[in-house]
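*Asks:* One structure, as structure tokens, below. Some questions next.
Here it is as structure tokens:
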């Protein structure tokens, strides 16, 4: 037990020390999982591997550059308007302080300003910009890693059989592992994109500034369980309150609550299935652990990484009871959460090897 714990500590120290290298590689791995179905689709239709991978890589690169441009531009424009929002906030706080004084509640304006501190939002925004810029600086490494992974996708089963030394070896365990990981990552990404579009659209209808920015923030933070939904809602709600008053802030809050309840509690359980659900305690602890290990990007990837660990434990006869402990309690499962269907892993033709 002591040797095992010592090895675990050394492993965690290595993961922590290699954060700058491992985070882009893990991000590239998730991009490869998302784009592998497109590459396999091209291969099934007779396209050469290099052509299909090149087309997918170009599309991903265009998407990353476009996303970075839109997100960075919107965030910079929001930061530039923060002084104007602060003036409006000070006027609103002065008005509320006077109203409270009429009811005999003595609250100084300084205390209210300390309770609602806009500089904290600016600091968070600046940190997000720096993290996003750091990821973009590693775009070449991310794209190259993703491309090489995609080139190996189709021929991986044959290479595994060669490594085992048995051309007829049963790879169903590895096939199920890959399919479960891909199923979770793809569905979670699609649902996050749908949530971002819905939030951005309704925030735009309600007249709040920077709806594209708040839609992108909702998309990214939806990967962070529990805390992500609250963090994504706070800036637009405060902005709606500053611009239009309490009524519009309640309307924006309602949009976020309904969207998260519908997608997170109805659609997501039905699509992901009960075997892809984690215990709320495990979700919270994974958020804390991966956030400590790899910072904000670790928080974004906390649930997918924990799901991978859970699936790996499920495929092990020795550690399968640990995976059961990580699972969601039966009392919290939705009655309509079927397991995802198992599909086969595509292999390349012998002539293409």
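Numbering (this note's numbering), first residue to last: 7 to 359. For each residue, glycine too, the CB sits at the ideal point set by N, CA and C.
Measure the C-alpha to C-alpha separation of residue 155 and residue 38 and round it to an integer number of angstroms.
*Replies:* Spanning the two alpha carbons is a distance of roughly 7 Å.
*Asks:* Count Cβ pairs between the stretch 203–214 and the stretch 178–193 that sit closer than 8 Å; are there 3 or more?
*Replies:* Taking 8 Å as the limit for Cβ pairs, the verdict is that the stretch 178–193 does not touch the stretch 203–214.
*Asks:* For residue 91, which residues of its own chain have a beta-carbon under 6 Å away from its beta-carbon, when the five flanking residues on both sides are left out?
*Replies:* These residues qualify, in order along the chain: 248.
*Asks:* I believe residue 313 touches residue 190 by the beta-carbon criterion, under 8 Å. Please report the beta-carbon distance rounded to the nearest angstrom.
*Replies:* Rounded, the Cβ-Cβ distance is 5 Å, consistent with contact.
*Asks:* Look at the alpha carbon of residue 358 and the alpha carbon of residue 278, and state the distance between them as a whole number of angstroms.
*Replies:* Its pLDDT being 44, under 50, residue 358 is placed unreliably by the model, and the measurement read from it follows with that caveat. Roughly 34 Å separates the two Cα atoms.
*Asks:* Counting only the same chain and skipping the five closest in sequence on each side, list residues whose C-beta sits under 6 Å from that of residue 200.
*Replies:* Excluding positions up to five away in sequence, the list is empty.
*Asks:* Name the DSSP beta bridge partners of residue 333, please?
*Replies:* Paired residues: 284.
*Asks:* Going by other Cβ atoms of all chains shown within 10 Å of its Cβ, with 16 needed for buried, is residue 89 buried or exposed?
*Replies:* The residue is exposed, with fewer than 16 neighbouring Cβ atoms inside 10 Å.
*Asks:* Between the stretch 44–55 and the stretch 320–331, are three or more C-beta pairs nearer than 8 Å?
*Replies:* No contact exists between the stretch 44–55 and the stretch 320–331.
*Asks:* DSSP on residue 296, reduced to helix/strand/coil?
*Replies:* DSSP places residue 296 in helix when its eight states are reduced to three.
*Asks:* Got a sec? Which residues, its chain only, sit under 7 Å from residue 300 by beta carbon, not counting five neighbours each side?
*Replies:* These residues qualify, in order along the chain: 25, 29.
*Asks:* Return the chain-ordered list of same chain residues with a C-beta closer than 8 Å to the C-beta of residue 56, the five sequence neighbours on each side being excluded.
*Replies:* So the list reads 157, once near-sequence residues are dropped.
*Asks:* If I follow the unbroken alpha helix (DSSP H) through residue 151, where does it start and stop?
*Replies:* It spans 145–159 - the alpha helix (DSSP H) in which residue 151 sits, taken as one unbroken run.
*Asks:* On the premise that residue 246 lies in contact with residue 222, defined as a C-beta separation below 8 Å, what is that separation, rounded to the nearest angstrom?
*Replies:* Not a contact, Cβ separation roughly 18 Å.
*Asks:* Could you spell out where the alpha helix (DSSP H) holding residue 313 opens and where it closes?
*Replies:* Residues 308–320.
*Asks:* Is the beta carbon of residue 219 sitting closer than 9 Å to the one on residue 77?
*Replies:* In this structure, residue 77 lies closer than 9 Å to residue 219 by Cβ.
*Asks:* Suppose you measure from the CA of residue 242 to the CA of residue 265; what does that come to, to the nearest Å?
*Replies:* Computed Cα separation, rounded: 15 Å.
*Asks:* Residue 270 and residue 238 - do their beta-carbons sit closer together than 9 Å?
*Replies:* No, Cβ-Cβ distance for residue 238 and residue 270 is not below 9 Å.
*Asks:* Would DSSP call residue 206 helix, strand or coil?
*Replies:* Here residue 206 sits in helix by DSSP.
*Asks:* Suppose only complete runs of 3+ residues qualify. What are the beta strand (DSSP E) ranges in the stretch 48–121, listed by chain order?
*Replies:* Correct list: empty.
*Asks:* Within this structure, are the beta carbons of residue 168 and residue 174 separated by less than 9 Å?
*Replies:* It is not a contact, given that the beta carbons lie outside the stated cut-off.
*Asks:* The alpha helix (DSSP H) spanning residue 14 covers which residue range?
*Replies:* Here the alpha helix (DSSP H) through residue 14 covers 8–23.
*Asks:* For residue 145 and residue 70, which I take to be in contact (beta-carbon distance under 8 Å), what is that distance rounded to the nearest angstrom?
*Replies:* The pair is a contact, with the Cβ atoms about 6 Å apart (cut-off 8 Å).
*Asks:* Distance check for residue 328 and residue 346, CA to CA, integer angstroms please.
*Replies:* Because the pLDDT at residue 346 is just 43, under 50, the model does not fix this residue reliably, and the value given afterwards should be weighed accordingly. For residue 346 and residue 328, the distance between alpha carbons rounds to 21 Å.
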